[in-house]
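Once you know that position 312 of the first sequence is 312 in this note's numbering, the rest is easy, because the numbers rise by one and skip nothing. All residues carry an ideal CB built from backbone N, CA and C; glycine is no exception. Worksheet: the structure to be examined is printed underneath.
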Amino acid sequence: MVLQVYNTQTRTKEEFVPLEPGKIRLYVCGITVYDFCHIGHARSAIVFDVIYRYLLHLGYEVVYIRNFTDIDDKIIRRANEEGTDYRTIADRYIAAFYGDMDALGVLRPAMEPLATDNIPEMLQIVGKLVDKGAAYQAGTDVYFSVDRFEGYGKLSGRETEDLMAGARVEVDVKKSNPLDFVLWKGSKPGEPSWDSPWGPGRPGWHIECSAMVTKYLGPTIDFHGGGKDLVFPHHENELAQSEMAFGVPFVRYWLHNGFVNINNEKMSKSLGNFFTIRDVLKDVHPEALRLFVISKHYRSPVDFSDETVAEAERGLERLYSTLESVLERVPGKVDAQFTEDVLKKQDPELYEKAVSLPAAFRESMDNDFNTAQAIGYIFALQRNLQRFLDKFGRKNLKGAAAVLARRAADTLTGQCNILGLLTLAPGDFFETQRRLKLKSTGVTEEELNEFIELRHKARQEKNFAEADRIRLELEAKRIHLEDSPQGTKWRVSL
RNA sequence: GGCGGCAUACCCAAGUGGCAAGGGAGCGGUCUGCAAAACCGUUAUACAGCGGUUCAAAUCCGCUUGCCGCCUCCA
């Protein structure tokens with residue numbers, strides 16, 4: 001089986017062949033640090049986190065780089081609004097970003113370089129382009145000359161004539177071609193600036209990625225990723241300047257994730273319909289958000305709503321619930337040896353599903369990271385496992401049945417871990433989940449425990465009317481009581 | 001105006017030529033003092049519409065309709 005990936009540039013799925021056997025160079029465009037991240041950023045981060053985890057799982061050495069754009073117009077504007085400097089703003093939101101990413105369980109890339117730490121490298125590329133006649137100075141700015149790069153438009157599938165015709169931007173008179181883009185921007189008085197052969201200034205938007213890709217990974221890399229909106233102009237321009245400067249292919253496979261929509265409309269700052277990661281995580285468990293994101297193929301748009309997120313939460317609770325049952329019902333040590341045949345006889349379907357899950361999972365993931373399908377297989381095994389557990393009523397499992405249940409649970413957990421799911425002990429998950437959800441009911445844990453205690457007494461006295469009254473009172477607040485042999489548990493409905 | 005994507009049950013969502021995965025919700029049942037959870041059963045002669053290719057199409061081709069995105073900062 002081979003990994004197939006959809007390459008934006010060719011618009012087809014291609015067999016993945018790394019530049020260097022066993023090694024993968026992966027670069028993902030990070031964020032511009034001028035505000036808190038929203039769930040669109042979360043989707044991108046989670047999608048590439050899953051891809052990164054999967055490539056590691058396949059046994060590749062993956063060098064994963066994700067940059068921070070820490071100098072740009074929006075950062076400067078924000079600094080001016082707050083009467084502070086760009087560095088303060090950038091550092092604040094870098095810290096916030098790390099907080100969000102850690103909360104989401106996103107693995108850290110090998111390196112997360114800052115644009116401003118790589119200015120000399122950028123100037124080097126600008127110099128190369130000027131020397132080759134592919135860039136020119138106009139006023140205090142330096143522009144890339146799109147006409148000089150034959151392949152311009154090959155990533156986004158556009159013809160330069162089409163772009164010209166549809167140009168919505170006011171044409172900058174300094175440019176010799178309206179499509180030319182700025183490599184180096186002369187700074188206005190009071191703006192942050194760096195010295196350069198073309199005068200004091202700061203980098204244009206695209207040059208930083210070209211510089212950092214080359215510096216940390218080399219002139220040709222395997223994967224370059226980001227949101228769909230970066231295809232044009234950002235990645236198109238990166239590609240143009242890099243290939244012009246270094247004369248070798250820039251990226252072997254371009255990966256772009258789809259958007260998060262709200263009510264079927266793109267979520268964006270300009271539309272004002274966005275949710276920050278930190279706000280969402282106030283009532284949604286990070287693994288539930290992750291499951292929500294990867295329940296759909298990464299290239300498709302995904303609609304974010306209370307309903308769609310709640311579905312993911314319920315699904316995740318189901319998985320953890322089954323795992324919890326296995327922990328409770330299968331004795332701590334399962335050391336007895338049984339032949340495969342004996343295990344299979346316990347429940348042929350469960351046995352078969354457990355044994356075949358890794359292959360099915362891998363086949364899905366090898367097909368352009370089809371996490372949605374992989375999750376389908378995971379739920380199928382979960383269902384079989386739960387069914388198997390239920391066959392034993394409330395009894396603990398013993399012997400071969402215990403071994404089979406344990407093996408199925410381990411397989412489930414193992415595959416989910418590759419996606420960054422089921423990374424917690426079930427007990428810890430449910431505790432966090434209950435605490436998150438209880439906040440929205442206005443009932444404190446102490447109050448709730450008092451209710452449960454009162455009801456417990458009423459039940460002991462066979463005063464079921466009172467017991468049911470308490471149940472109903474709590475249900476009105478979406479708190480459901482579940483009587484079990486281990487005592488009364490509770491959960492908040494989603 | 002140019003370029004691109006999507007359309008599968010009540011909802012979400014896989015499927016990319018050979019009997020339509022999975023999840024949620026609903027309904028009926030088992031269990032329960034009553035519940036909940038869980039389990040069992042049930043819910044698409046059918047994949048926007050029309051035409052074509054094929055022994056065979058949700059899957060390939062063409063047209064039509066509807067929605068969305070990019071072309072400006074944007075994950």
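Pair within 8 Å by beta-carbon distance, residue i and residue j
i, j, result
"arginine 53", "leucine 419", "yes"
"tryptophan 254", "glutamine 433", "no"
"phenylalanine 259", "lysine 228", "yes"
"asparagine 261", "valine 309", "no"
"leucine 239", "valine 251", "yes"
"valine 5", "glutamate 14", "yes"
"leucine 438", "glutamate 446", "no"
"proline 426", "leucine 316", "no"
"isoleucine 119", "proline 219", "no"
"lysine 132", "methionine 244", "yes"
"glutamine 382", "leucine 319", "yes"
"alanine 103", "proline 286", "yes"
"tryptophan 490", "leucine 448", "yes"
Spatial distance of residue i from residue j (CA atoms)
i, j, result
"valine 142", "phenylalanine 16", "37 Å"
"phenylalanine 338", "arginine 394", "24 Å"
"serine 321", "asparagine 263", "31 Å"
"proline 157", "threonine 12", "Looking at the sequence itself, residue 157 is glycine, so the reference to proline does not match. Going by the C-alpha atoms only, they are around 13 Å apart."
"histidine 57", "leucine 3", "12 Å"
"aspartate 283", "histidine 235", "35 Å"
"leucine 481", "proline 109", "43 Å"
"glutamate 461", "methionine 267", "55 Å"
"isoleucine 94", "arginine 77", "17 Å"
"isoleucine 71", "proline 113", "13 Å"
"aspartate 417", "alanine 360", "The sequence given here places asparagine at residue 417; aspartate does not occur at that position. Near 15 Å, if we compare the C-alpha coordinates of alanine 360 and asparagine 417."
"lysine 174", "isoleucine 378", "58 Å"
"glutamine 386", "serine 242", "54 Å"
"proline 18", "cysteine 209", "21 Å"
"arginine 471", "asparagine 396", "29 Å"
"asparagine 7", "glycine 99", "31 Å"
"serine 300", "glycine 127", "40 Å"
"glutamate 340", "leucine 474", "48 Å"
"glycine 86", "histidine 38", "A small correction: the amino acid at residue 86 is tyrosine; glycine does not occupy that position in the sequence shown. Rounded to the nearest angstrom, the two C-alpha atoms are 21 Å apart."
"serine 484", "phenylalanine 451", "16 Å"
"proline 189", "glutamate 161", "37 Å"
"glycine 272", "glutamate 265", "11 Å"
"threonine 214", "leucine 129", "15 Å"
"histidine 41", "threonine 488", "40 Å"
"arginine 329", "threonine 423", "20 Å"
"serine 270", "valine 280", "19 Å"
Sequence-distant residues of the same chain with beta carbon closer than 6 Å to residue i, five excluded per side
i, result
"arginine 25", "Val63, Leu217, Ile221 and Asp222"
"arginine 148", "Ala134"
"glycine 30", "Arg66, Asn67 and Phe68"
"histidine 224", "Tyr27, Val251 and Trp254"
"phenylalanine 181", "Phe144 and Asn237"
"alanine 467", "Arg455, Ala458 and Arg459"
"alanine 374", "Phe361, Ser364 and Met365"
"alanine 288", "Ala312, Glu313 and Leu316"
"tryptophan 198", "Gln137, Val142 and Trp184"
7 Å Cβ shell around residue i - same chain, five flanking residues per side excluded
i, result
"alanine 336", "Gly399 and Val403"
"glutamine 346", "Ala400, Ala401 and Leu404"
"glutamate 349", "Asn384"
"glutamate 311", "none"
"alanine 409", "Leu323, Val326 and Leu385"
Cutoff 8 Å; reference residue i; Cβ partners in own chain excluding five residues on either side
i, result
"leucine 343", "Tyr351, Ala400, Val403, Leu404 and Arg407"
"asparagine 80", "none"
"valine 492", "Arg434, Lys437, Leu438, Ser440, Thr441, Arg478, Ile479 and His480"
"alanine 138", "Lys174, Lys175 and Ser176"
"proline 358", "Thr411, Gly414 and Gln415"
Residue(s) in a DSSP beta bridge with residue i
i, result
"histidine 235", "For histidine 235, which the question treats as bridged, DSSP gives no partner whatsoever."
"asparagine 261", "Lys266 and Asp303"
"phenylalanine 181", "Phe144"
"alanine 135", "Phe144"
"serine 484", "Gly487"
"glycine 224", "Reading off the sequence shown, one finds histidine at residue 224, where the question assumed glycine. Answer is Tyr27 and Trp254."
"tryptophan 194", "Gly201"
"tyrosine 6", "Lys13"
"histidine 41", "Bridge partners of histidine 41: none, in fact."
Rounded distance between the beta-carbons of residue j and residue i, thought under 8 Å
i, j, result
"valine 231", "histidine 256", "6 Å"
"methionine 111", "alanine 211", "The Cβ separation is near 14 Å, so there is no contact."
"isoleucine 51", "arginine 290", "No, isoleucine 51 and arginine 290 are not in contact; Cβ-Cβ is about 13 Å, not under 8 Å."
"glycine 442", "lysine 391", "The pair is not a contact, with the Cβ atoms about 41 Å apart (cut-off 8 Å)."
"aspartate 186", "threonine 140", "Just to set this straight, residue 186 is glycine in the shown sequence, not aspartate. Contact flag correct, Cβ pair sits at about 2 Å."
"alanine 372", "threonine 411", "Contact flag wrong, Cβ pair sits at about 19 Å."
"glycine 105", "tyrosine 60", "The pair is not a contact, with the Cβ atoms about 21 Å apart (cut-off 8 Å)."
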